[in-house]
Amino acid sequence: MDATRIATLPKVELHVHLEGTVSAATAVALATARGEDPAEVLVLEAGPDGALRYPRPFRDFLHFVDTFLASSAQVRTPADLTTVTEAFAAAQVAQGVRWSETTFTAVTMEQRGWEPRAMWEALAAGLAAQPDTHVGFILDTPRDLGVDVARRAAELAGDALAAGLPVVALGLTGVEGAVPVGEFAFLRAAADEFGIGLVPHAGEMGGPDVVRDSLDLLRPDRIGHGIATVQDADLLARVADEGVVLEVCPTSNVTLGIVGSLDEHPIRQLRDAGVALTVNSDDPPFFATTLRDELAHAVRLLDLDAAGLAALERRAVDASFAPAEVRTAVHAALDAWEAAG
Ligand SMILES: [Zn+2]
């Protein structure tokens, strides 16, 4: 399949962090505009052309987290957050993404001094500037910040919903194993109370036990990553049988050193076992990728034809929290795209 065909595919993205879409150039510009030295306040390296870029590859997960947090800490004013949100939405539209679910760590921004209402207004203003885009927010809590912070994250989601922000789910991110999964079981009750979803990361850095505990204790709507599922035959069969949808992010896993290379990525094993997977970019500029690149990798690794690629995106929209009219429009666009081939 040629690149043009993938470029025109109507796309759906379920796993992309808003702060993870801040490019090194944007972070440098924000720091420089305040008179700060980017080399001091950001985690960067010089690329082959001499321009500062995010480190590649990351030494480990914590090196990535340090880089991510230093970059997102530059998003300090409502104008900054609106600019970042608008740039994200524009990039999704440019890639043909019809529906995006983007994770935003409001609880970390609040710890940095943001007022909740200022965040919601800035995010809404960024989306309003790109009326062609359709976005739902996932408000996550990094598990390593603990249970009290997670309770606050749930409160913030309720506050954002009351303010009219399109929040579609709660998320659970951060260092797997830092706190037992069961301590976050209240997030399921909170999500149910708000009438939204719960989409924890699990089985990314962590093992199959984190995926199993998440299924048992959180009753998640989907699992972020979940690639460790292939390490346990019983779990693999269960995830396939129960139709658990995994948000697979191939280049993210390679760049963070979880798998050695794209060719060694377990995406084919998951597919061959009957697992319902989706393909996503996670933190595109940090991993020097785009959703389009990730879908091209999926086409190669899974040997997909047009029908297979359209089926991948149909599954993504079916597993999303998109409103009915968006689902209908995405299905129609995919039918037309497939027929045009
Ligand atoms: Zn993620």
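In our numbering, each residue's number is its place in the sequence shown (first place is 1) plus 222. Glycine included, each C-beta is placed from N, C-alpha and C at the ideal position.
1) Distance, Cα to Cα, Leu378 vs Asp504?
2) Drop a sphere of 10 angstroms on the beta-carbon of Phe406, count the other beta-carbons inside from all chains shown, and report buried for 16 or more, exposed for fewer.
3) Applying the criterion that 16 or more other CB atoms from any shown protein chain within 10 Å of the CB defines a buried residue, is Glu426 buried or exposed?
4) Could you tell me the distance, in whole angstroms, from the CA atom of Ala382 to the CA atom of Thr304?
5) Let me check you understand the geometry: is the CB of Thr363 closer than 7 Å to at least one non-hydrogen atom of ligand 1?
6) Can you name the start and end residues of the beta strand (DSSP E) that Val391 belongs to?
7) For Thr189 versus Pro507, is the C-beta spacing smaller than 8 Å?
8) Assign Ser483 to one of two classes, buried (16 or more other C-beta atoms within 10 Å of its C-beta) or exposed (fewer than that).
9) What is the rounded straight-line gap between the Cα of Ala295 and the Cα of Ala385?
10) Got a sec, what are the start and stop residues for the alpha helix (DSSP H) Ala520 sits in?
11) Given the structure, does Gly646 come close to ligand 1, in the sense that its CB is under 7 Å from one of the ligand's heavy atoms?
12) Is Gly425 helix, strand or coil when you go by DSSP?
13) Check Ile480 in the structure and name its three-state DSSP category.
14) In the DSSP output, which residue or residues are listed as bridge partners for Gly386?
15) List the endpoints of the continuous beta strand (DSSP E) containing Leu236.
16) Could you give the first and the last residue of the continuous beta strand (DSSP E) run that contains Phe509?
17) For the structure I just gave you, are there three or more beta carbon pairs, one from the stretch 414 to 429 and one from the stretch 387 to 396, closer than 8 Å?
18) CA-CA distance, Thr500 and Val470?
19) Does the Cβ-Cβ distance between Ile280 and Thr477 come in under 8 Å?
20) Cutting at 6 Å between CB atoms, please list the residues of its own chain near Gly496, excluding the five before and the five after it.
21) Secondary structure at Trp336, three-state DSSP: helix, strand or coil?
22) Is the CB-CB distance between Ser322 and Val297 below 8 Å?
23) Do you know how far the Cα of Leu534 is from the Cα of Leu524?
Taking the geometry as given:
1) 23 Å
2) With 16 or more other Cβ atoms inside 10 Å of its own Cβ, Phe406 counts as buried.
3) buried
4) Spanning the alpha carbons of Ala382 and Thr304 requires a straight line of approximately 16 Å.
5) no
6) Before going further, note that residue 391 is Ala rather than Val in the sequence given. Counting along the chain, the beta strand (DSSP E) containing Ala391 begins and ends at 389 to 395.
7) For residue 189 there is no data in the structure shown, the boundaries of the chain being 223 and 563.
8) Flag for Ser483 reads exposed.
9) 24 Å
10) 513 to 524
11) One cannot answer for residue 646 here, as it falls past the ends of the chain, which runs 223 to 563.
12) coil
13) Note: Ile480 maps to coil in three-state DSSP.
14) According to DSSP, Gly386 bridges with nothing at all.
15) 233 to 239
16) Where Phe509 is concerned, there is no enclosing beta strand (DSSP E), given that its DSSP letter is neither H nor E.
17) yes
18) 6 Å
19) The sequence as given places Phe at residue 280; Ile does not occur at that position. In contact: Phe280 and Thr477 (Cβ atoms closer than 8 Å).
20) Ala462
21) coil
22) no
23) 11 Å
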